[in-house]
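Counting in the UniProt record's numbering, the sequence shown runs from 1 upward without gaps.
Even glycine gets a Cβ: it sits at the ideal position worked out from N, Cα and C.
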Amino acid sequence: MSTVEEGTAPLEAEYSPEPTSVISRSINILSERLSSIEAKVEAHEATIDALVASLDRLEELGSKASELHRVAVLIGEWKRLTCRHHVDGVCRAWRVKSDAGIPVATESGVPRPVVSKVPVLCALCPLYEPRR
1 MSTVEEGTAP LEAEYSPEPT SVISRSINIL SERLSSIEAK VEAHEATIDA
51 LVASLDRLEE LGSKASELHR VAVLIGEWKR LTCRHHVDGV CRAWRVKSDA
101 GIPVATESGV PRPVVSKVPV LCALCPLYEP RR
């Protein structure tokens, strides 16, 4: 018995396989490209890891700064309310520039800090004197 039916021609291949050297060269090129991509990915992974570590550190420092600020406000509020230089929310001990970046009230032409809005100033103030 014949594997080809009568009246039917055998099928011929429509392509011819490339020589082994061309395939081997293509595999080598693809392998080099893949290695290059892998190296770039590894470099980016290292950068991402460093950025994540930096972000974690910044969050930690931000949390500590917030905690210190809360404590300074607490101390400043107490000192402001007990200081003899504090009158109606304004510190009469300090003269500041009007463009100091903090709330300022001008009294008799003299710009003074509005410590009721920035109590941290009182926490750090070396001119604090308790009321008598």
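A direct Cα-Cα distance of roughly 10 Å separates SER26 from GLU32. The criterion of a C-beta distance shorter than 8 Å is satisfied by CYS83 and PRO130.
The alpha-carbon separation between GLY76 and TYR128 amounts to approximately 10 Å.
Bounds of the alpha helix (DSSP H) holding VAL120 are 120-123.
Taking a contact as a CB-CB distance under 8 Å, the pair ILE102 and VAL90 does not count as one, their CB atoms being some 12 Å apart. In the three-state DSSP reduction, ARG95 falls in the coil class, being neither helix nor strand. In the DSSP assignment, ALA46 falls within the alpha helix (DSSP H) that extends over 20-82.
Listed as beta-bridge partners of PRO113 by DSSP are VAL104. With contacts defined as CB atoms closer than 8 Å, VAL115 and HIS69 fail to qualify as a contacting pair. Taking the Cα positions, ILE37 is about 26 Å away from LEU55.
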